[in-house]
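To start, the structure itself, in structure tokens.
Residue numbers (this note's numbering): 433 to 602.
Here it is as structure tokens:
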């Protein structure tokens, strides 16, 4: 945790902030995020909002409506990118992406998945209009992280099928 100015001096290309709509601290997070956006954009760097609805006011954090609401919050707060969850509702996710407006949608890779599940998920979110993924354990804990990265690249940047991407892992 450091200031935006320090982040830039350290070479940051972007900054991020987590927002939990529905939590008792929602109002503080919105206010803090507003300050962060203003400062980051003064430095000319983009901001990623990790928006994960939760708390006693959130009935179902993985409903399409709730995820669309999260995307919309990111847009309305001024985020350049909004990182949200995917609930395996391909048709609904197209609407989620539209709700994000000009904010680019990044999808959390979520829990540890099989190779095919991760690549299928990636294929679906990209076809639905997402700009990319934020992948952690599904690459770093993979037996062949470089191969998995190349397989993901095939889908995200080369517009290839899941089966074509799976060939890289063999």
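Beta carbons are placed, not taken as given, at the ideal position from N, Cα and C, and that holds for glycine. Keep in mind that this is a model prediction, so the values were computed, not measured.
Within the DSSP secondary-structure output, residue 481 pairs in a beta bridge with 449 and 514. In this chain, the beta strand (DSSP E) harbouring residue 537 covers 536-540. Judged by their CB atoms, residue 477 and residue 515 are not nearer to each other than the 8 Å cut-off.
In the structure shown, residue 502 adopts helical secondary structure according to DSSP, grouped into three states. DSSP places residue 564 inside the beta strand (DSSP E), whose first and last residues are 564-566. One alpha carbon belongs to residue 562, the other to residue 441, and they sit about 30 Å apart. With contacts defined by Cβ atoms closer than 8 Å, residue 454 and residue 504 do not form a contacting pair. Residue 433 counts as exposed, since fewer than 16 other beta carbons sit within 10 angstroms of its beta carbon. Here DSSP, grouped into helix, strand and coil, assigns residue 577 to helix. By the Cβ test, the region 509-526 is not in contact with the region 543-551, since fewer than three Cβ pairs between them sit closer than 8 Å. Contact check for residue 510 against residue 482 fails: the beta carbons are separated by 8 Å or more.
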